[in-house]
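See below for the structure under consideration.
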Amino acid sequence: MRGEAVYYCGNRSLRIEAVTVQPPGPDEVQISVGFCGICGTDLLIYRGRMDERVGKRRIIGHEMSGRIAALGERVEGMAVGAPVVVRPLAPCGQCHPCRTGKNRLCHSLKVFGVDLEGSMQQLWNVPARAVHRLPDGLALAHAALVEPLAVAVRDVRRARVAPGEDVLVIGGGPIGLLVALVARKAGGAVTVSEVNPHRAQLAEELGFRVINPRRANLAAEVAGATHGKGADVVFEASGNQAGLDAMTEAAAVNGRICIVGMHLDSPRLDLHRVIMRELEIIGSRAYEAEDFERAIELLREGIAAERIITEMRRLGDVGEAFRDLCENPASIKTLIVVNGAST
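In full-length UniProt numbering, the protein residues as written are 1 to 343.
Set out below in structure tokens:
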């Protein structure tokens with residue numbers, strides 16, 4: 001069987017190629033991919049920042065939704081035509097984190113679309129254990145957000161957001177906005193810090209208080225809104241040094257700070273402030289199966305995650321879509337329509 005796939009081929013080079021697709025293995029499911037989202041990791045790959053890990057020939061993509069096209073001979077409990085998403089992690093199953101139920105922290109974790117061939121292909125064979133069934137009636141385009149929403153679910157769980165707590169999200173990009181939505185669902189009073197006017201406007205439309213840290217003192221604004229206390233929980237979702245500087249300054253005494261954004265360089269951290277305020281620094285990586293299921297449930301309940309989708313592009317326009325996300329400040333989340341027949 002033949003299909004098309006998007007290959008990353010080196011710095012800012014993408015190529016659409018026809019590929020021969022094998023039948024699924026005994027424990028695999030073949031998926032006709034309907035939609036694939038472009039995320040921050042994809043953009044890092046596109047810019048050549050992850051070549052040492054990815055190489056220069058990889059089918060990219062890991063945020064997706066689609067329908068089952070074929071089943072391996074040992075796969076049970078699934079049906080051809082069913083709408084699904086894929087949890088794109090391939091843990092070893094043998095190391096200590098895997099043996100203790102923390103597959104996301106596997107010592108040799110492989111990620112589809114990074115270390116393994118990803119979802120930006122029309123027919124995709126994946127392990128059945130990674131497939132999650134979607135409820136009937138959930139728009140397949142919206143379901144392409146399950147993966148990033150699961151990231152946000154894990155972040156909020158790790159940070160232990162409780163009803164009535166003051167929450168600050170630094171960075172109103174796709175993940176930051178999803179974290180804000182999930183934190184509000186958990187009962188937090190959420191403020192978003194964002195300098196991009198398009199992202200700030202969307203955050204306001206979603207009902208969040210928004211502060212532009214270039215126009216106002218973020219820590220002072222948060223303190224003023226919390227009777228001098230500061231934020232009980234801070235999510236650093238900007239991935240830049242300014243966000244790291246602001247997070248410790250805006251946090252309340254005994255506050256919890258969850259690091260969400262990717263920091264590939266060697267950033268500075270004000271450990272003196274961490275000590276003096278007894279701040280708790282929390283790392284958060286990926287998700288588990290339960291986070292995927294919760295993300296699906298939240299979409300079904302209408303959490304409005306789909307509001308972050310700013311455009312959809314045909315597979316043939318994938319190169320232009322990546323360029324726009326890098327250069328157009330109004331672009332937030334783009335979905336690629338991989339296989340229109342599966343939508």
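All C-beta atoms in this analysis are idealised placements derived from N, C-alpha and C, irrespective of residue type, glycine included.
7 Å Cβ shell around residue i - same chain, five flanking residues per side excluded
i     : result
Cys98 : Pro91, Cys92 and Cys106
Val80 : Ile68, Ala69, Ala70 and Leu71
Exposure of residue i, with buried meaning 16 or more beta-carbon neighbours within 10 Å
i      : result
Ser284 : buried
Gln94  : exposed
Met1   : exposed
Ile275 : exposed
Asn339 : buried
Arg314 : exposed
Gln122 : buried
Val333 : The sequence given here has Lys at residue 333, not Val. Buried, because 16 or more other Cβ atoms sit within 10 Å of the Cβ of Lys333.
Pro26  : exposed
Asp291 : buried
Thr100 : exposed
Arg47  : exposed
Gly176 : buried
Leu271 : exposed
Residue i: first and last residue of the uninterrupted beta strand (DSSP E) it sits in
i      : result
Gln30  : Glu28 to Gly37
Ala231 : Ala231 to Glu236
Ala152 : From DSSP, Ala152 is part of no beta strand (DSSP E) but of the alpha helix (DSSP H) over Val146 to Ala159.
Ala305 : Looking at the DSSP string, Ala305 is not in any beta strand (DSSP E), and its letter there is neither H nor E.
Leu14  : Leu14 to Thr20
Val338 : Note, Val338: premise wrong, no beta strand (DSSP E); not H, not E.
Glu280 : Glu280 to Gly283
Arg2   : Arg2 to Tyr8
Leu168 : Asp166 to Ile170
Opening and closing residue of the alpha helix (DSSP H) in which residue i lies
i      : result
His96  : His96 to Arg99
Ala183 : Pro174 to Lys185
Arg294 : Ala289 to Glu301
Ile45  : Gly40 to Tyr46
His142 : Leu140 to Ala143
Leu325 : Val318 to Glu327
Val54  : Asp51 to Val54
Beta-carbon proximity list for residue i, same chain, < 6 Å, skipping 5 on both sides
i      : result
Arg294 : Val153
Ala130 : Val86 and Arg87
Val182 : Ala152, Val153 and Val156
Val195 : Asn212 and Arg214
Glu204 : Val210
Cβ neighbours of residue i in the same chain (closer than 8 Å, five flanking residues each side left out)
i      : result
Arg133 : Met78, Ala82, Pro83 and Val84
Ala252 : Asp166, Thr226, Lys229, Gly230, Ala231, Asp232 and Arg277
Ala143 : Phe35, Ser65, Pro83, Val85, Leu134, Ile296 and Leu299
Gly138 : A quick correction: the sequence has Leu, not Gly, at residue 138. Here the set comprises Pro83, Ile296, Leu299 and Arg300.
Arg268 : Gln241, Leu244 and Asp245
Gly187 : Val161, Ala162, Pro163, Gly164 and Glu165
Residue from the options with nearest C-alpha to residue i
i           : options                           : result
Ser113      : Arg199, His263, Arg58 and Asn196  : Here residue 113 is Gly; the residue named in the question, Ser, does not match the sequence. Among Arg199, His263, Arg58 and Asn196, the Cα nearest to that of Gly113 belongs to Arg58.
Gly323      : Leu43, Pro23 and His198           : The sequence given here has Arg at residue 323, not Gly. Comparing Cα positions, the closest option is Leu43.
His62       : Pro127, Pro148 and Gly171         : Pro148
Ile282      : Leu218, Ile68, Asn254 and Ile31   : Asn254
Met50       : Ala5, Pro26, Val111 and Ser193    : Val111
Ala219      : Val234, Phe208, Leu206 and Gly207 : Val234
Ser238      : Val179, Ala223, Gly187 and Glu288 : Val179
Val126      : Gly55, Ala159 and Ile31           : Ile31
Gly261      : Cys39, Glu73, Val21 and Gly10     : Cys39
Arg199      : Met247, Leu140, Glu117 and Ile308 : Ile308
Asn11       : Asp115, Val222 and Val54          : Val54
residue 372 : Lys56, Ile45 and Asn103           : Any question about residue 372 goes unanswered here, given that the chain covers just 1 to 343.
Leu264      : Thr191, Thr41, Ser119 and Ala18   : Thr41
Tyr8        : Glu28, Glu52 and Ile45            : Ile45
Residue i at chain C interface by Cβ criterion, 8 Å
i     : result
Val21 : In the structure shown, chain C cannot be found, because there is only a single protein chain.
* **Every unbroken beta strand (DSSP E) inside the stretch 242–270 [3 residues or more]** => 251–259
* To do: Mind listing, in chain order, the continuous beta strand (DSSP E) runs of no fewer than 3 residues lying wholly within the stretch 184–227?
  => 189–193 and 209–211
* List in chain order: all unbroken alpha helix (DSSP H) runs of 4+ residues lying wholly within the stretch 58–138. => 96–99
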